[in-house]
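See below for the structure under consideration.
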Amino acid sequence: MMQQRPGVYIEQGPQNFEIIQRNSKDCADISLSGYWVGVEHADLQEVYVRILRENSNMEIVTFTKCDMKDFEWSVVLHNIPSGGPYKIETGLRIDNNLRMDWNIAGEMRHFVGVGDVYVIAGQSNSAGYGKGIVEDIPVIGVHALQYNGCWSIATHPLSDCTNAVYQTSLEQTNHGNSPYLSFAKILNKELSIPIGLVPTALGGSPISSWNPGQNGVLYRNMQKITSQLSNGYCGVLWYQGCAETDCPDEAESYEEHFKQMVSAWRKESNCSELLFLTFQLNRCRVHTDYENDRRWGMIREAQRQSARHIKNCYVVPTIDIPMSDAIHNSAAGNLLLGERMARFALSEVYHIGTTFTSASLKRAFVKGSTTIGLEFTGLVGILEGFTDDMKKLDITIEDENGKNDIKSCYFGADEIFIVLGRNIKGHCTISCGDKKDVEKIVPVDTGTFMPILCFAEVKVDE
Numbered sequence: 456m457m458q459q460r461p462g463v464y465i466e467q468g469p470q471n472f473e474i475i476q477r478n479s480k481d482c483a484d485i486s487l488s489g490y491w492v493g494v495e496h497a498d499l500q501e502v503y504v505r506i507l508r509e510n511s512n513m514e515i516v517t518f519t520k521c522d523m524k525d526f527e528w529s530v531v532l533h534n535i536p537s538g539g540p541y542k543i544e545t546g547l548r549i550d551n552n553l554r555m556d557w558n559i560a561g562e563m564r565h566f567v568g569v570g571d572v573y574v575i576a577g578q579s580n581s582a583g584y585g586k587g588i589v590e591d592i593p594v595i596g597v598h599a600l601q602y603n604g605c606w607s608i609a610t611h612p613l614s615d616c617t618n619a620v621y622q623t624s625l626e627q628t629n630h631g632n633s634p635y636l637s638f639a640k641i642l643n644k645e646l647s648i649p650i651g652l653v654p655t656a657l658g659g660s661p662i663s664s665w666n667p668g669q670n671g672v673l674y675r676n677m678q679k680i681t682s683q684l685s686n687g688y689c690g691v692l693w694y695q696g697c698a699e700t701d702c703p704d705e706a707e708s709y710e711e712h713f714k715q716m717v718s719a720w721r722k723e724s725n726c727s728e729l730l731f732l733t734f735q736l737n738r739c740r741v742h743t744d745y746e747n748d749r750r751w752g753m754i755r756e757a758q759r760q761s762a763r764h765i766k767n768c769y770v771v772p773t774i775d776i777p778m779s780d781a782i783h784n785s786a787a788g789n790l791l792l793g794e795r796m797a798r799f800a801l802s803e804v805y806h807i808g809t810t811f812t813s814a815s816l817k818r819a820f821v822k823g824s825t826t827i828g829l830e831f832t833g834l835v836g837i838l839e840g841f842t843d844d845m846k847k848l849d850i851t852i853e854d855e856n857g858k859n860d861i862k863s864c865y866f867g868a869d870e871i872f873i874v875l876g877r878n879i880k881g882h883c884t885i886s887c888g889d890k891k892d893v894e895k896i897v898p899v900d901t902g903t904f905m906p907i908l909c910f911a912e913v914k915v916d917e
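The sequence shown lines up with residues 456 to 917 when you count with my numbering.
In structure tokens form, the structure reads like this:
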């Protein structure tokens, strides 16, 4: 066996490129430990660690003496400020030498950051199946924990299967672009902190596989992956729901199961308000029927309602996003979704920059015998339908006599007034963007140029 050179060796601590979740004080503690190999004929040998900026060698934490027992060492470096990339340097000080920058060289860790870490969960549009040519350049400061158990600079596809040690969520095919590299790069630029991404999503996965109250297999896989993290994570990036559109019972119980999942996730992560940033379902361009159409609307409505009723849970629309096949958002579409989610998070989570929120129906009400009013919340600009042909609007109104045609429509600042072709009869509901493949116009908020959140079978109050 080859004799090891004198120096300091790291056995536990951050990996190269690892992003460590910052705490509420905008800093993090870093724990390291290992062993050391000494030199001959020295009276005193001590292990020291320091942290420097990777790009300038400016010292962030000065030489810190480690606890030593026999030939093992350990240290906790407290209150490392958010930022980076940092370099962690170890060394062996001999006989109280005054120039510790000349310590005997030890192992290092490079491109370590302190910032925000997000777990990616859900199904294929979260894993990232987007095809097409777009420029989405990897950058230092946006890193990912790969399925091989190692951190690296984040690049597409985020869930690379090379040398995978976590195989539960491996895809069967090489996929493409995800929305989350774009998302993370914008946060990194605007917040001036590193962003870490932890892919765990799996194409086609039902919510039951993410809900520990049901099957929970992917939830447990996520726990196994995130157990590697030095200080946990701040939020979950969630895009899921297509799988439940094929089953009436699952579609009807989606909101309940989503709430169960969020509650369990928060409890087991010891974070009662763990952030969930979610996407509402986009279109699906395959054969459908009335019942299947209705289930797509039910899922979108459940996603909208979840964001209304669960604290620190948000949803962003996708219904206008271009696709690269019948069900997957394109690479260009994912680039746009990443920016939408980032702008939303900057506005509503980090509270910086301009207001950027999702417009959502607040209430629907009868105004006279043939008019319905729609009031919205979350608007940044005003509502716009971009047409004077009411047949082009994706709005459906049904009452006890069936479908009620739209005669005319007026867009106010935060309201829409719809004049119907006949009097309203009994129980009445209104839907917008509720079908599997939405081909008509969904109104847009001119402040964000995002469509309103789709809604389904909302009761019209008398």
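Positions of the beta carbon are idealized from the N, C-alpha and C atoms, including for glycine.
Residue i (DSSP reduced to helix, strand or coil)
i	result
ARG508	strand
GLY538	strand
LEU547	strand
GLY788	helix
GLU626	coil
THR610	coil
ASP775	coil
PHE841	coil
GLU705	helix
ALA619	coil
ASP556	helix
SER943	Residue numbering for the chain in the displayed model covers 456 to 917; residue 943 lies beyond these limits and cannot be assessed.
GLU562	strand
LYS524	strand
ALA576	strand
Cutoff 8 Å; reference residue i; Cβ partners in own chain excluding five residues on either side
i	result
LYS914	ALA819, HIS882, CYS883 and THR884
ARG763	SER815
HIS783	SER579, ASN580, TYR584, GLY585 and LYS586
GLU870	GLY828, LEU829, GLU830, PHE831 and LEU838
SER824	ASN878 and ILE879
GLN459	VAL492
Integer-rounded CB distance, given that residue j should sit under 8 Å from residue i
i	j	result
GLU756	GLU912	7 Å
LEU792	THR773	6 Å
GLN467	LEU487	7 Å
VAL463	GLY489	7 Å
ILE641	GLU803	With 8 Å as the limit, ILE641 and GLU803 do not qualify as a contact, their Cβ atoms being about 14 Å apart.
GLY686	TYR621	Per the sequence shown, residue 686 should be read as Asn rather than Gly. Not confirmed; about 20 Å, so no contact.
PRO540	GLU509	4 Å
LEU736	CYS689	About 25 Å separates the two Cβ atoms, so there is no contact after all.
GLY570	ILE485	About 13 Å; that fails the 8 Å criterion.
LEU684	VAL572	6 Å
Proximal residues to residue i (C-beta, below 7 Å), its chain only, five neighbours per side dropped
i	result
GLY668	GLN715 and ALA719
ARG505	GLU514, VAL516, THR517, PHE518, THR519 and GLU544
ASP854	ILE879, LYS880, GLY881, HIS882 and CYS883
Residue i: first and last residue of the uninterrupted beta strand (DSSP E) it sits in
i	result
TYR709	First-last for TYR709: 709 to 723, but that is the alpha helix (DSSP H), not the beta strand (DSSP E).
SER863	861 to 866
GLU466	462 to 467
ILE850	850 to 854
LYS520	514 to 520
SER815	815 to 821
TYR688	Counting along the chain, TYR688 falls outside any beta strand (DSSP E), and DSSP gives it neither H nor E.
TYR490	482 to 492
THR832	826 to 832
ALA599	597 to 600
VAL913	910 to 914
THR411	Here the chain comprises residues numbered 456 to 917, so residue 411 is not present and cannot be evaluated.
VAL589	Here VAL589 belongs to no beta strand (DSSP E), and DSSP marks it neither H nor E.
Counted within 10 angstroms of its Cβ, other Cβ atoms place residue i as buried (16 or more) or exposed
i	result
GLN695	buried
TYR865	exposed
ASN904	Going by the sequence as given, residue 904 is Phe instead of Asn. By the 10 Å Cβ count, PHE904 comes out exposed.
CYS521	buried
ILE807	exposed
GLN601	buried
ASN725	exposed
HIS630	buried
HIS611	buried
ASN558	buried
N-terminal and C-terminal residue of the alpha helix (DSSP H) that residue i is part of
i	result
TRP751	745 to 764
THR681	672 to 681
TYR635	635 to 646
SER886	Unbroken run through SER886 is the beta strand (DSSP E), 884 to 887; no alpha helix (DSSP H).
SER663	Element bounds for SER663: n/a, residue is neither H nor E.
SER579	579 to 582
Other residues of its chain near residue i: CB distance less than 6 Å, five sequence neighbours each side excluded
i	result
ASN643	GLY596, VAL597 and ILE650
GLY836	ASP900, THR901 and GLY902
SER660	GLN578 and LEU673
LEU834	ALA814, ASP869 and ASP900
PHE713	SER761
VAL589	ALA786, ALA787 and LEU790
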